[in-house]
Amino acid sequence: MNTKHTYTFIILAIILLLCFVMNISLGSVSIPFSEVIASVFGNSNNESWQYIILDYRLPKAFTAILVGSGLGISGLLMQTLFRNPLAGPFVLGISSGASLGVALVILGSGLFGGIFASLLITKWSIVIAASLGSFLVLLAVLLVSSKMRDTMAILIIGLMFGSITAAVVSVLSYFSSAEQLQQYIFWGFGSLGNLSWNELFIFFLIYLFGILLAIYSIKALNTFLLGENYAKSLGLNVKTSRFIIIIATSLLAGTITAFAGPIAFIGLAIPHMTRQIFNTSNHKLLLPAVFLFGAIVMLICDSIAQLPSSDYTLPINAITSLIGAPVVIWLLVRQRKMVF
Amino acid sequence: MTEKIKHTILKTKQLSIGYKTKKGTSVIADNINLDLKQGELIGLVGANGIGKSTLLRTLSAIQKPLNGVIEINNNTLENYAALDLAKTMSLVLTEQLMAKNLSVYELVALGRQPYTNWVGNLSEKDISAVKKAIEQTNLTNLKHRKCFELSDGQLQKVMIARALAQDTDLIILDEPTTHLDMYHKAYILKLLQKLAQETNKTILFSSHEIDLAIQLCDTMIVMTKDKVVSNSPCHLIEQGVFETLFPKDLIGFDKNTGSFRVKK
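Quick note, the sequences are listed as chains A and B, same order. For the first sequence, counting from 1, position 291 maps to 290 in numbering that gives the first Met the number 0; every step adds exactly one. For the second sequence, counting from 1, position 91 maps to 90 in numbering that gives the first Met the number 0; every step adds exactly one.
Here's what the structure looks like:
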């Protein structure tokens, strides 16, 4: 049993590497493969090619890996914590929370006006606003959920928070300029290619912290599979563990939404794909598998979104759903049974 | 057979259970004095809604008592750290298992959580405890099956195996025989009796199978509106306690057969 999983992991790691190479090889400018490799190691003679690879495609590919794996893992954490296969960062309103935070900064800055406004709309203020927004919404959902026994009710409450934030965004949009609106809508498309190496580094640090918390929670997550009362009877400090899992989720989903926009679908779908393929609920396997899967799917989606050799780039948000949703449907229909 | 003195595992003094709400406290039962010995099989019976689950939830520290003391191995329940309690008492609850994609082995192994390291790796000792629990519940040939492939009766055995693997002095089961057919009801209770004798663990369960419990239990706890009585089934029959369990218009207790009969 263990050797089978080892092989699967090795194959997935090789696929990830291939996808990574493919991702940096493709783009609106065609660069010969040998030059791509040379550029990565800084040996290319063509300066503009080297610039494209090193300062655009490489950070973008790394961003794709962080976004895909991070969203997948945060989705996995939520699905286990709420013991609901429909849960995910988006369904529980975490992404809408982040959107609200960003909307307040981009659209609301008009209300403050003047120099203060231009000070507000820096990348960092957007990052902080998105993180705070997602954390607050998640906390609110959790607070309500601690009084609720029915998990379905929690999901509906999450959706309600989503509606509330959407409404607030609508009101803000009404009072905003066209320029601000455009900025907000573009943020909403999602984008992997906007990060410099410095920003990527900060992104990675927060991401890493979230992942470490997730790894630390593996045992608790497996215990949560039995339900909270069993978890408590097994000596687990349910409140603390739940809090750590929520912090991990909001760090991951919040920062990803902050740096790359609200990327739909990945958080919900990747854990399901992984469970179908690995056929397990054990988080010791699921966590690394979701990491690899998320990264692979995101790299593929990004490669497609680039529309290789054309000047157009499609919104990454549309691609993730267009590619991913049929895959999940196919997996579910093929197995005729949802594995959860 | 055994001459050694069985020591008390669980003891309650003047225990009062119920719920505290904003409007005040609603007492479900009070003046509960129990003394559960090592290696005993104890059946808790009572009518629907009388508070069996509340009593079990209180004893298993899921909810707080309104008053009185619960002692486990001579320590008050409140003083137990969560992890120490997990090594002393294990539970089989009525709630549906959500994650049925675990194999039988994996699920039983979750019972070792209080003993495993931070990431939950099983040591040699853990593995042998899991293996033993699976053997004791006759699950060896189902070991690699997924939980969603199992029948209700098999799943109940798996949950009991999980509690066994937790290696505790006391196992509490909340209605382990619901949803099971007559054969499996008897099978599960007989299994519990065997486990109590073989492993010297104290096993407390609630059930509506009063006839079976009378035949198999060492001690029974009978909950009625007025009081909570505990004694050996024979004594309880003699004292006529079972007659007070239900309203008398429909069914009556037959002392000779130790079972309930529909009144003609």
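Every residue gets a Cβ at the ideal spot worked out from N, C-alpha and C, and that includes glycine.
What residue does the alpha helix (DSSP H) around residue i start on, and which one ends it?
{"i": "B:Y186", "result": "M181 to T198"}
{"i": "A:V39", "result": "F32 to V39"}
{"i": "A:F61", "result": "L57 to L80"}
{"i": "A:Q275", "result": "I265 to F277"}
{"i": "A:N228", "result": "E227 to S232"}
{"i": "B:D253", "result": "Counting along the chain, B:D253 falls outside any alpha helix (DSSP H), though it belongs to the beta strand (DSSP E) covering I250 to D253."}
{"i": "A:A86", "result": "Taken as a continuous stretch (DSSP letters only), A:A86 belongs to no alpha helix (DSSP H), as it is neither H nor E."}
{"i": "B:K124", "result": "E123 to Q135"}
{"i": "B:F241", "result": "Here B:F241 belongs to no alpha helix (DSSP H), and DSSP marks it neither H nor E."}
{"i": "B:S229", "result": "That residue, B:S229, is in no alpha helix (DSSP H); its beta strand (DSSP E) goes V227 to N230."}
{"i": "A:R241", "result": "V237 to A259"}
{"i": "A:L212", "result": "W196 to Y215"}
{"i": "A:I93", "result": "I93 to I105"}
{"i": "A:D310", "result": "Note, A:D310: premise wrong, no alpha helix (DSSP H); not H, not E."}
{"i": "B:I41", "result": "Where B:I41 is concerned, there is no enclosing alpha helix (DSSP H), although the beta strand (DSSP E) it sits in stretches over L40 to G45."}
{"i": "B:K156", "result": "D151 to A164"}
Give the straight-line distance between the Cα atoms of residue i and residue j, rounded to the nearest whole angstrom.
{"i": "B:A212", "j": "B:L40", "result": "9 Å"}
{"i": "A:L250", "j": "B:I220", "result": "50 Å"}
{"i": "A:F188", "j": "A:Y229", "result": "42 Å"}
{"i": "A:F200", "j": "A:S95", "result": "25 Å"}
{"i": "B:T1", "j": "B:D217", "result": "The pLDDT assigned to B:T1 is 49, lower than 50, so where the model puts this residue is not dependable, and the model offers no usable value."}
{"i": "A:R241", "j": "B:E242", "result": "47 Å"}
{"i": "A:T79", "j": "B:A60", "result": "24 Å"}
{"i": "B:K189", "j": "B:M222", "result": "22 Å"}
{"i": "A:L285", "j": "A:T312", "result": "32 Å"}
{"i": "B:K124", "j": "B:D168", "result": "18 Å"}
{"i": "A:S29", "j": "A:S309", "result": "9 Å"}
{"i": "B:S150", "j": "B:V157", "result": "11 Å"}
{"i": "B:I86", "j": "A:T62", "result": "The amino acid at residue 86 of chain B is misidentified as Ile; the sequence shows Lys. C-alpha separation (whole angstroms): 45 Å."}
{"i": "A:T319", "j": "A:G192", "result": "15 Å"}
{"i": "B:H143", "j": "A:G74", "result": "28 Å"}
{"i": "A:F174", "j": "A:L106", "result": "8 Å"}
{"i": "B:K12", "j": "B:L58", "result": "12 Å"}
{"i": "A:L137", "j": "B:T176", "result": "39 Å"}
{"i": "A:G226", "j": "B:M97", "result": "7 Å"}
{"i": "A:T5", "j": "A:A60", "result": "25 Å"}
{"i": "A:A268", "j": "A:F19", "result": "21 Å"}
{"i": "A:G41", "j": "A:L11", "result": "28 Å"}
Apply the 10 Å Cβ neighbour rule to residue i and answer buried if 16 or more other Cβ atoms are within range, or exposed otherwise.
{"i": "A:H282", "result": "buried"}
{"i": "A:H271", "result": "buried"}
{"i": "B:I126", "result": "exposed"}
{"i": "A:N169", "result": "For the record, residue 169 of chain A in the displayed sequence is Ser; it is not Asn. By the 10 Å Cβ count, A:S169 comes out exposed."}
{"i": "B:C233", "result": "exposed"}
{"i": "B:S52", "result": "buried"}
{"i": "B:I100", "result": "Checking the sequence shown, residue 100 of chain B turns out to be Asn, not Ile. The residue in question, B:N100, is buried, as its Cβ has 16 or more Cβ neighbours within 10 Å."}
{"i": "A:N197", "result": "exposed"}
{"i": "A:L207", "result": "exposed"}
{"i": "B:E237", "result": "exposed"}
{"i": "A:F134", "result": "buried"}
{"i": "B:D166", "result": "buried"}
{"i": "B:A160", "result": "buried"}
{"i": "A:Q181", "result": "exposed"}
{"i": "A:S33", "result": "exposed"}
{"i": "B:V118", "result": "exposed"}
{"i": "A:K218", "result": "buried"}
Kindly indicate the opening and closing residues of the beta strand (DSSP E) around residue i.
{"i": "B:Y79", "result": "Taken as a continuous stretch (DSSP letters only), B:Y79 belongs to no beta strand (DSSP E), as it is neither H nor E."}
{"i": "B:Y18", "result": "T7 to T20"}
{"i": "B:L169", "result": "L169 to L172"}
{"i": "B:I202", "result": "T201 to S205"}
{"i": "B:S25", "result": "G23 to I31"}
{"i": "B:R260", "result": "S258 to V261"}
Compute the minimum distance between the beta carbon of residue i and the heavy atoms of the ligand NAD, and state whether it is under 7 Å.
{"i": "B:G251", "result": "In the structure shown, the ligand NAD is absent, as is every other ligand, since no ligand is present at all."}
> Which residues, in order along the segment 73-85 of chain B, keep a beta-carbon less than 9 Å from a beta-carbon of chain A?
Replying inline: A80, A81, L82, D83, L84 and A85
> What are the complete beta strand (DSSP E) segments, minimum 3 residues, inside the segment 52-117 of chain B?
Replying inline: 66-71 and 88-91
>> Give me the subset of the segment 261-281 of chain A whose CB atoms are less than 9 Å from a CB atom of chain B, sorted by chain position.
In response: R274, N278, T279, S280 and N281
>> Please identify, using Cβ separations under 9 Å, the residues of the segment 181-200 of chain A that lie next to chain B, in order along the chain.
In response: none
>> Ignoring anything shorter than 4 residues, give me the alpha helix (DSSP H) runs that lie fully in the segment 136-176 of chain A, in order along the chain.
In response: 150-173
>> What are the residues in the segment 84-110 of chain A lying within 8 Å of chain B by C-beta distance?
In response: none
>> So if I threshold CB-CB distances at 7 Å, which residues from the segment 195-218 of chain B count as touching chain A?
In response: none
> Given a limit of 8 Å on CB to CB distance, which residues of the segment 220-234 of chain A reach chain B?
Replying inline: N221, T222, L224, L225, G226, N228, Y229, K231, S232, L233 and G234
>> By the 9 Å beta-carbon criterion, what residues does the segment 203-217 of chain A contribute toward chain B?
In response: I214, Y215 and I217
> Which residues, in order along the segment 50-83 of chain A, keep a beta-carbon less than 7 Å from a beta-carbon of chain B?
Replying inline: R82
>> Give me the subset of the segment 113-128 of chain B whose CB atoms are less than 9 Å from a CB atom of chain A, sorted by chain position.
In response: P113, T115, N116, W117, V118, G119 and N120
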